[in-house]
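What follows is a set of notes on a single structure, which appears directly below.
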Amino acid sequence: MTMLEILEKKKLGKPLSRAEIRFFAQAAAEHTVPDYQLAAMLMAIRLLGMTDEETVELTLAMRDSGDVADLSSIPGVKVDKHSTGGVGDTTTLVLAPLVAACGVPVAKMSGRGLGHTGGTLDKMESIPGMRVALTEEEFLRQVREIGVAVVGQTGRLAPADKVLYALRDVTSTVDSIPLIVSSILSKKLAAGSDAIVLDVKAGSGAIMRDLDSSLLLAENLVRVATLAGKPTIALISGMDQPLGTHVGNALEVREAIDILSGRAGGDLKEVSLTLGGYMLVLAGKVETHEEAVAMLERALGSGAGLKKLAQMIAAQGGDPRVCEDVSLLPQAPVQKQITCGQSGYVSRMDTAALGMAAQGMGAGRLRAEDGIDYSVGFVLQVRIGDRVEPDTPLCVLHARTEADADRAEAAIRRAITVGGEPCGRAKNFLGLVTKDMAVRL
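The sequence shown: position 303 = 994 (this note's numbering), numbered continuously.
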């Protein structure tokens, strides 16, 4: 078997066998064929597609190209949560301790931010002393002892995906559904959990901007994950505005703590409780989603969720006092209140542009090796649908310099549209996909 023979077969639109797909994935992981042949295969897949069976085989082959975590030593059903990326999306830091406080272990591997989207690991590392690189033994022991750990992915987790993802980015094959599905699910399956809750974003800050595309992606993810033997539910949530009001690493940690302490609510809380509820259902903790959300709200009200977050922070070397005193988180030297400057209704937000505004302040990175400033970002004080006046607070900027603040202010003003007519609120949930149904909400 050679890569050229496999290419010839795919070029003619014939389905590939398990052995052929595994040859392709392993060749990518081990660099045993030239990149131009891998790129040619990616373009053939982009143009001709893959059957569900092929996509399942590609997902499993990419999973098996490296290490696969063994969570069997952790009692109970382990449920993972994955988001396709957004701005102000801090759900993991809210729902992971809440779900763990309800008795369901959370053994989660997360990623870093790139481009306009924030990364959970970057947010966690804004906590003084926090470690996200644990050994497998430390990771498993922590989940067994306190019920929750959120760590970085190992270097050997789905290595085929790392190679193919980089090639997709430079060969105009990023928008292939089979390649997106296999990329996401290969890492989720390699992380070892028993079931998966997916948060597929739709809107101006999402990979998939419109509902139809997001629904198609969610349906494919759930179908392929189910065929691969992992019970999976996907929610389609809105990203037409930042999910939380805080954008920036330490600021987002602060908002998560404010929610867990009962000082804040809003869209971030609602989405976290909804996703966490489905995690409890898949874990078999309760029968209905309503019961699950009620259980999470009790853990929130009793302070058990905040206590669990403090335990996780302490176990990973961080300073748990941030849960009682958020001023211990990094603070930007320049903090500037800006107002709306006009009358009307907030009618639209370019969420990707808002994410890029925070990135331009130093909160994000363009390349994986770029450094970031944990303290910078902004706190939005308006939502879509709000009536505003010239003196209505728009946001508080947290910047390194006055010049950075001025540039961010200009970018944020360009990203937020104020119109003359009233408009509706942005919806948090747009769809739900299970193995048995797909519905628009």
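Glycine included, every Cβ here is placed at the ideal spot set by N, Cα and C.
If we ignore side chains and look at the alpha-carbon of each, how far apart do residue i and residue j end up?
{"i": "E827", "j": "L848", "result": "12 Å"}
{"i": "V891", "j": "G968", "result": "16 Å"}
{"i": "L918", "j": "E744", "result": "8 Å"}
{"i": "P1024", "j": "I948", "result": "22 Å"}
{"i": "Q1002", "j": "V1013", "result": "12 Å"}
{"i": "G846", "j": "E836", "result": "25 Å"}
{"i": "L698", "j": "M692", "result": "11 Å"}
{"i": "I712", "j": "A840", "result": "33 Å"}
{"i": "A1150", "j": "T742", "result": "Only positions 692 to 1132 of the chain appear in the structure, and residue 1150 is not among them; the question remains open."}
{"i": "G767", "j": "A974", "result": "8 Å"}
{"i": "M1052", "j": "D903", "result": "33 Å"}
{"i": "G922", "j": "A897", "result": "Here residue 922 is Pro; the residue named in the question, Gly, does not match the sequence. For P922 and A897, the distance between alpha carbons rounds to 24 Å."}
{"i": "I736", "j": "M800", "result": "28 Å"}
{"i": "D820", "j": "G1035", "result": "The residue asked about is misnamed: residue 820 is Gly in this sequence, not Asp. Rounded to the nearest angstrom, the two C-alpha atoms are 45 Å apart."}
{"i": "L880", "j": "F830", "result": "17 Å"}
{"i": "D1016", "j": "A1005", "result": "15 Å"}
{"i": "I704", "j": "D813", "result": "Looking at the sequence itself, residue 704 is Gly, so the reference to Ile does not match. About 42 Å."}
{"i": "D860", "j": "G1122", "result": "28 Å"}
{"i": "M899", "j": "L870", "result": "14 Å"}
{"i": "S952", "j": "A720", "result": "44 Å"}
{"i": "T782", "j": "F1120", "result": "14 Å"}
{"i": "K976", "j": "K878", "result": "25 Å"}
{"i": "E988", "j": "G794", "result": "14 Å"}
{"i": "I765", "j": "D771", "result": "14 Å"}
{"i": "Q653", "j": "S763", "result": "This structure does not reach residue 653, given that the chain is present from 692 up to 1132, and the question cannot be answered."}
{"i": "G1110", "j": "L942", "result": "29 Å"}
{"i": "D748", "j": "R709", "result": "Contrary to the premise, residue 748 reads as Glu rather than Asp in this sequence. Near 6 Å, if we compare the C-alpha coordinates of R709 and E748."}
{"i": "R1056", "j": "V842", "result": "19 Å"}
{"i": "L855", "j": "A731", "result": "11 Å"}
{"i": "D931", "j": "G1115", "result": "12 Å"}
{"i": "D866", "j": "A1043", "result": "18 Å"}
{"i": "S873", "j": "G920", "result": "14 Å"}
{"i": "R1074", "j": "V724", "result": "50 Å"}
{"i": "Q1050", "j": "G810", "result": "12 Å"}
{"i": "L908", "j": "I927", "result": "10 Å"}
{"i": "A882", "j": "A760", "result": "5 Å"}
What's the call for residue i, buried or exposed, on a 16-neighbour Cβ count within 10 Å?
{"i": "H807", "result": "buried"}
{"i": "L889", "result": "buried"}
{"i": "Q1033", "result": "exposed"}
{"i": "K769", "result": "buried"}
{"i": "R1105", "result": "exposed"}
{"i": "P933", "result": "buried"}
{"i": "P796", "result": "buried"}
{"i": "M1128", "result": "exposed"}
{"i": "L733", "result": "buried"}
{"i": "T979", "result": "exposed"}
{"i": "P850", "result": "buried"}
{"i": "S1018", "result": "exposed"}
{"i": "R803", "result": "buried"}
{"i": "Q1022", "result": "exposed"}
{"i": "D780", "result": "buried"}
{"i": "S993", "result": "exposed"}
{"i": "G838", "result": "buried"}
{"i": "Q833", "result": "buried"}
{"i": "D901", "result": "exposed"}
{"i": "V778", "result": "buried"}
{"i": "V1214", "result": "Nothing in the structure corresponds to residue 1214, since the chain is present only between 692 and 1132."}
{"i": "A1094", "result": "exposed"}
Taking 7 Å as the line, does the beta carbon of residue i fall inside it for any heavy atom of the ligand FMN?
{"i": "V770", "result": "As for the ligand FMN, it is missing from this structure, which has no ligand bound."}
If residue i sits next to residue j, beta carbons under 8 Å apart, how far is it from one beta carbon to the other, in whole angstroms?
{"i": "H1065", "j": "S863", "result": "One point to set straight first is that residue 1065 is Tyr, not His, in the sequence displayed. Their Cβ separation, rounded to whole angstroms, is 34 Å, which puts Y1065 and S863 out of contact at 8 Å."}
{"i": "F1069", "j": "V962", "result": "About 20 Å; that fails the 8 Å criterion."}
{"i": "H722", "j": "I875", "result": "No, H722 and I875 are not in contact; Cβ-Cβ is about 23 Å, not under 8 Å."}
{"i": "L729", "j": "L858", "result": "6 Å"}
{"i": "I1107", "j": "M1040", "result": "5 Å"}
{"i": "A824", "j": "S884", "result": "Between S884 and A824 the Cβ distance is about 20 Å, and since that is not below 8 Å, they are no contact."}
{"i": "Q1072", "j": "L1085", "result": "6 Å"}
{"i": "A886", "j": "V1124", "result": "Going by Cβ atoms, the distance from A886 to V1124 rounds to 14 Å, so no, they are not a contact pair."}
{"i": "V913", "j": "L1020", "result": "That pair is no contact at about 37 Å."}
{"i": "L971", "j": "A983", "result": "4 Å"}
Quiz item: Can you list the alpha helix (DSSP H) stretches of 4 or more residues lying completely in the stretch 1014 to 1040, in chain order?
Solution: none
Quiz item: Quick one: any contact between the stretch 780 to 790 and the stretch 960 to 967, if contact means 3 or more CB pairs under 8 Å?
Solution: yes
Exercise. Give, in chain order, every unbroken run of the beta strand (DSSP E) that is at least 3 residues long and sits entirely within the stretch 860 to 920.
Key: List check, beta strand (DSSP E) in window: 886 to 893.
Quiz item: Along the chain, which unbroken stretches of the beta strand (DSSP E) at least 3 residues long are found entirely within the stretch 771 to 809?
Solution: 797 to 801
Quiz prompt | Residue ranges of each alpha helix (DSSP H) within the stretch 1035 to 1077, 4 or longer | solution = 1042 to 1049
Quiz prompt | Any 3 or more C-beta pairs closer than 8 Å across the stretch 943 to 960 and the stretch 751 to 763 | solution = Between the stretch 943 to 960 and the stretch 751 to 763 there are fewer than three inter-stretch CB-CB distances shorter than 8 Å, so the stretches are not counted as touching.
Quiz item: Going along the chain, which unbroken runs of the alpha helix (DSSP H) with 4 or more residues stay wholly within the stretch 952 to 1000?
Solution: 958 to 973, 980 to 992
Self-check item: Inside the stretch 731 to 772 only - alpha helix (DSSP H) runs reaching at least 4 residues
Solution: 743 to 754
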